[in-house]
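J.:
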Amino acid sequence: MSRYDYTAIEQKWQKYWDEHHSFRVGTDYSKPKFFALVEFPYPSGQGLHIGHPRPYTAMDIVSRKRRLEGYNVLFPMGWDAFGLPTENFAIKNKIHPAIVTKNNVERFKGQLKSLGLSFDWDREVNTTDPEYFKWTQWIFLQMFKKGLAYKKEMAVNWCTSCKVVLANEEVVGGVCERCGGEVVRKVKSQWMLKITEYAQRLLDDLDQVNYLDKIKVTQKNWIGRSTGAEVDFTTTTGDTLTVYTTRPDTLFGATYMVISPEHPNIEKWADKLENMEEIKVYQEAAARKSDFDRTEMNKDKTGVELKGVRAINPVNGREIPIFISDYVLMSYGTGAIMAVPAHDTRDYEFAKVFNLPIIEVVKGGDIEKEAFTDCATGIMTNSGFLDGLSVEDAKVKIKEWLEENGKGKTKVNFKLRDWVFSRQRYWGEPIPIVHCDKCGYVALPEEELPLTLPDVESYMPTDNGESPLSTLESFINTTCPCCGGPAKRETDTMPQWAGSSWYFLRYCDPHNKEQLASKEALDYWMPVDWYNGGMEHTTLHLLYSRFWHKFLYDIGVTSQVEPYMKRTSHGMILGEDGQKMSKSRGNVINPDDVVRDYGADTLRLYEMFIGDFEKTAPWSPSSIKGCKRFLDRVWALQEVLVDGDEYREELKSSFHKTIKKVSEDIEGLKFNTAIAAMMALINEIYAIGSINKAEFGTLCTLLNPFAPHITEEMYNSVFGDILSEQAWPKYDEALCKDNTIEIVVQVNGKLKAKLMISADADKDSVIAMALAEEKVKEAVDGKSVIKQIYVPNKLVNIVAK
RNA sequence: GCGGGUGUGGCGGAACUGGCAGACGCACGAGAUUUAGGUUCUCGCGCCGCAAGGUGUGCAGGUUCGAUUCCUGUCACCCGCACCA
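Just so you know, we're using the working numbering here: the first sequence kicks off at 69 and counts up by one.
Next comes the structure, spelled out in structure tokens:
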């Protein structure tokens with residue numbers, strides 16, 4: 069037998085799969101289908117990260133198993149290739165971003181192929197391909213036509229370094245998520261997408277899908293539905309100030325109000341306000357602050373009282389002061405709150421700073437010390453007609469009162485905000501809209517799609533915050549599709565989220581020139597059966613793509629309400645030091661090196677064996693050797709191969725148990741224990757000293773999804789057939805059970821002995837055997853047996869006193 | 001501050017629905033094979049103890065015949081966040 073030359077074997081089979089299109093998706097739509105999805109990578113300049121193979125191998129294992137089980141499997145791959153790092157690299161190195169992208173994609177593709185992942189490369193997609201983003205633009209146009217895309221003047225996050233507007237979601241830790249630059253606020257006219265119109269459906273339809281609970285919780289928290297009330301306060305100017313509150317029950321305890329520094333009423337009241345100078349200074353300070361500064365945790369409460377205008381508490385007619393403070397945001401609720409310091413922590417802190425009255429209206433806490441916010445146990449007090457009620461009952465009663473008296477109404481509110489969709493960058497999908505002075509914003513006719521990026525020298529951002537496209541007269545100037553008069557093109561591009569919001573649909577029919585995908589293909593393949601990706605994408609990407617998919621459902625493109633049936637997530641792979649891998653820490657592992665030194669099969673196996681799939685795990689250069697050693701031992705089985713077409717008696721139950729274990733563990737993402745079971749089986753085989761052909765075939769098949777190259781080679785050399793065309797092994801539940809079982813004997817819960825019994829032994833005889841054990845006799849000696857517990861096939865516990 | 005999560009040997013981790021804690025690996029120790037190194041093979045390996053035995057799943061309690069698992073409290077660490085009224 070030759071030695072295990074992993075490099076030669078892996079290249080041989082990768083070539084074979086390529087030439088035979090072994091993983092090309094079948095078009096036999098009568099077969100059961102399985103659509104396995106992994107997040108397509110952003111092809112960065114650093115090449116593939118050692119973390120990439122973890123989710124890819126995991127879903128590759130599931131896909132390979134499904135094929136062996138007879139499914140028609142769609143397991144595609146593509147490139148989410150628009151984005152700032154490429155553009156920034158292009159600017160820095162004076163290479164066109166399209167060329168940078170092409171180079172990066174080639175490198176990534178080569179690296180992925182070297183891992184033996186069973187992607188159908190005939191279905192590769194690339195978000196920067198005009199044939200792809202034609203449909204991204206098309207979807208945007210449909211949204212525009214349905215009124216879901218609109219322009220809005222708003223204060224946005226302005227990255228001073230990228231010179232680009234960021235969505236709130238993209239600002240991390242007060243700095244730009246992508247470049248780390250300082251983020252300030254700036255007013256711009258932005259394209260927005262009305263995701264809020266889908267908030268309730270995005271929430272409700274979570275009931276229809278099988279996501280990990282923590283992912284559902286994340287989605288729910290992000291959507292943030294709350295039921296409260298809008299309450300109208302009249303002011304001493306005679307007009308109305310409306311607040312949103314989830315605690316209308318505490319209305320009697322409202323001792324002041326706070327409005328956001330941007331609240332429009334301030335302008336309205338300008339001539340009545342006595343301290344306008346002070347107010348303006350505070351407003352300007354708030355405006356300068358980035359969102360992070362404004363929302364910084366634990367900071368001291370600041371604010372300014374509006375002198376000259378006071379509000380009237382509708383429930384008791386008391387006049388109360390109004391403040392502005394930056395802890396109240398214009399973007400949530402009505403931009404104004406009623407402050408109930410006794411029962412809200414932030415209001416409590418604010419009241420302490422400004423020495424405002426704190427009135428207890430819910431009994432149960434100690435408001436001398438802190439705000440009492442518990443809704444479950446409190447009883448109303450100092451609240452007129454609400455006194456004595458529970459918080460829940462008080463909420464109902466006060467809402468009735470508000471509606472009866474025309475002072476407010478029940479109101480559902482969402483935290484979710486509309487999606488800022490414009491970017492002032494070059495490397496993104498152009499927004500297919502023109503602006504005409506006569507007709508306003510007009511959709512580009514669909515036959516003009518794709519609207520491609522002009523091939524230009526300069527794709528540098530402009531300092532004034534406009535897109536690089538804005539400097540190109542030839543691009544901007546056009547005619548209005550509506551009236552034929554002169555018009556100007558939109559120069560903003562779409563965010564990177566756009567292309568990734570529907571890519572799974574394109575995989576179903578990637579070369580379609582007439583539609584984003586045919587109805588027939590979508591009806592067959594959708595929804596995605598299993599989508600695995602990182603936890604970092606379980607809020608935004610998941611929400612955005614669910615939103616787009618729901619929209620496409622509404623306009624009849626897809627027939628499914630939800631795009632993903634099942635969503636799981638994987639943990640990051642950390643450096644050897646337990647820290648996130650980064651160049652600066654010098655703990656980066658290059659997958660190419662690992663493939664060279666150990667082979668792709670060992671890398672795949674190790675990434676699956678490294679630990680709990682859902683948790684982070686540190687890379688260990690020595691642990692990977694154990695996986696290589698395992699494959700060496702698997703390879704060496706060829707030396708002890710004997711004839712035989714069924715499992716031998718001494719290994720029969722082990723084989724059935726291992727098939728069961730591996731089959732179930734793959735479905736539960738427990739790859740580490742599946743591999744452990746196969747290791748244990750190999751140990752057992754070596755203890756016996758030989759393996760027969762039936763056993764050999766099963767072992768190769770079980771291991772094939774994990775280590776496809778070595779198993780193909782071994783199977784092929786012994787049987788002459790192609791392993792990936794065989795069937796997944798079956799197990800017999802009855803044969804997974806042992807005839808003799810070891811049971812544990814305890815006295816008062818302490819282990820005293822172990823017994824080998826036959827599986828059908830009855831309780832009395834087992835207990836009798838247990839009591840006959842020397843150690844048990846000693847432990848029970850001089851005591852009386854109170855109780856005998858027998859757990860079939862597990863243990864006997866003698867309770868003695 | 002809010003939301004989510006995690007704490008088990010020297011290390012990664014395992015343990016079904018409350019039933020032998022530490023599977024499977026790594027590292028380490030002893031031995032065999034080898035000219036040597038590497039490879040491979042055998043045995044050992046939570047901690048204390050010569051042993052018998054005791055003890056042990058972040059910490060303190062509780063429920064139970066029995067708790068890594070359930071409950072209460074507490075500490076530490078990680079991730080996310082839009083002070084969301």
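Yeah, the Cβ is synthetic: ideal placement off N, Cα and C, and Gly gets one too.
The model shown is predicted, which means the values in this text are computed figures rather than measured ones.
Helix, strand or coil for V459, going by three-state DSSP, please let me know.
T.: Looking at V459 - three-state DSSP - the assignment turns out to be helix.
J.: Three or more C-beta pairs closer than 8 Å, one from the stretch 547 to 560 and one from the stretch 587 to 600: is that the case here?
T.: In short, these stretches do not touch, since the Cβ pair count stays below three.
J.: Roughly how many angstroms lie between the CA atoms of N366 and P329, to the nearest whole one?
T.: Per-residue confidence for N366 stands at a pLDDT of 48, beneath the threshold of 50, marking its modelled position as unreliable; no derived number is given.
J.: Would you call the CB atoms of V813 and V844 closer than 8 Å?
T.: For V813 and V844, yes; Cβs fall inside 8 Å.
J.: What is the rounded straight-line gap between the Cα of Q82 and the Cα of H89?
T.: Taking the straight line from one Cα to the other gives about 10 Å.
J.: Does DSSP classify S637 as helix, strand or coil?
T.: DSSP places S637 in strand when its eight states are reduced to three.
J.: Within the continuous alpha helix (DSSP H) that includes C65, where are the two ends?
T.: Any property of residue 65 remains undetermined from this structure, which presents the chain solely from 69 to 869.
J.: Below 6 Å CB to CB, which residues in the same chain sit around T413 once its five sequence neighbours on both sides are set aside?
T.: Excluding residues within five positions, the ones whose Cβ falls inside 6 Å are A439.
J.: Check for me: the alpha helix (DSSP H) holding I873 runs from which residue to which?
T.: In the structure as shown, the chain starts at 69 and stops at 869, and residue 873 therefore has no counterpart that could be examined.
J.: Following the continuous beta strand (DSSP E) through F391, name the residue where it begins and the one where it ends.
T.: E387 to I392 is the extent of the beta strand (DSSP E) around F391.
J.: Need the endpoints of the beta strand (DSSP E) that I857 sits in, please.
T.: Its beta strand (DSSP E) spans residues V853 to V859.
J.: Could you spell out where the beta strand (DSSP E) holding N481 opens and where it closes?
T.: Note, N481: beta strand (DSSP E), G476 to F482.
J.: Return helix, strand or coil for N161, following the three-state DSSP convention.
T.: Here N161 sits in helix by DSSP.
J.: Anyone know if the C-beta pair for I283 and R716 falls short of 8 Å?
T.: Not closer than 8 Å, so no.
J.: If we ignore side chains and look at the alpha-carbon of each, how far apart do Q492 and W259 end up?
T.: So the two alpha carbons sit approximately 11 Å from each other.
J.: If you pair each beta-carbon of the stretch 613 to 628 with each one of the stretch 118 to 129, do three or more pairs fall below 8 Å?
T.: No, the stretch 613 to 628 is not in contact with the stretch 118 to 129.
J.: Determine which residues share a DSSP beta bridge with R886 and list them.
T.: As displayed, the chain neither begins before 69 nor continues past 869, which places residue 886 out of reach and without an answer.
J.: For Q210, collect the residues of the same chain with a Cβ closer than 7 Å to its Cβ; drop the 5 residues on either side in sequence, then sort them by chain order.
T.: Counting only Cβ-Cβ distances below 7 Å, and skipping sequence neighbours, we find I623.
J.: Quick one: Cα of G151 to Cα of F677, how far?
T.: Rounded to whole angstroms, G151 to F677 spans 33 Å at the Cα level.
J.: Spell out the partners DSSP gives S257 in its beta bridges.
T.: Its beta-bridge partners are E221.
J.: Which runs of the beta strand (DSSP E) at least 3 residues long sit entirely within the stretch 626 to 698? Give them in chain order.
T.: As far as the stretch 626 to 698 is concerned, its whole beta strand (DSSP E) runs of at least 3 residues are 634 to 638.
J.: Helix, strand or coil for E814? Go by DSSP, reduced to three states.
T.: A small fix is needed here, since residue 814 is Gln in this sequence, not Glu. Note: Q814 maps to strand in three-state DSSP.
J.: Would you please state the rounded distance, in angstroms, between the beta carbons of V310 and T402? I believe it to be under 8 Å.
T.: The displayed chain sequence assigns Thr, not Val, to residue 310. Indeed, because the Cβ distance is near 5 Å, the residues count as touching under 8 Å.
J.: Considering only the alpha carbon of each residue, which of E842, E846, D849 and A838 lies closest to Q856?
T.: With distances taken between Cα atoms, Q856 lies closest to A838.
J.: Out of E155, R664 and R132, which one is the CA nearest neighbour of P563?
T.: Comparing Cα-Cα distances from P563 to each of E155, R664 and R132, the minimum goes to E155.
J.: Give the DSSP-derived three-state secondary structure of G624 in the structure shown.
T.: Three-state result, G624: coil.
J.: Within a Cβ cutoff of 6 Å, which residues of the same chain sit near D317, ignoring the five residues on either side of it in sequence?
T.: Around D317: V459, A462, K463 and I466.
J.: Return helix, strand or coil for A149, following the three-state DSSP convention.
T.: DSSP places A149 in coil when its eight states are reduced to three.
J.: Is R491 helix, strand or coil when you go by DSSP?
T.: DSSP places R491 in strand when its eight states are reduced to three.
J.: Could you give the distance in angstroms between the alpha-carbon of V834 and the alpha-carbon of I756?
T.: Taking the straight line from one Cα to the other gives about 31 Å.
J.: Helix or strand or just coil, what does DSSP make of G184?
T.: G184 falls in the coil class under three-state DSSP.
J.: Would you check whether the ligand FMN has a heavy atom nearer than 7 Å to the C-beta of H411?
T.: The ligand FMN is absent from the structure shown, which contains no ligands of any kind.
J.: Report buried or exposed for K696, applying the criterion of at least 16 other Cβ atoms within 10 angstroms of its Cβ.
T.: Burial call: buried.
J.: What first and last residue would you give for the beta strand (DSSP E) that runs through E428?
T.: Looking at the DSSP string, E428 is not in any beta strand (DSSP E), and its letter there is neither H nor E.
J.: Within 10 Å of its beta-carbon, does E793 have 16 or more other beta-carbons around it, so buried, or fewer, so exposed?
T.: Exposed, since its Cβ has fewer than 16 Cβ neighbours within 10 Å.
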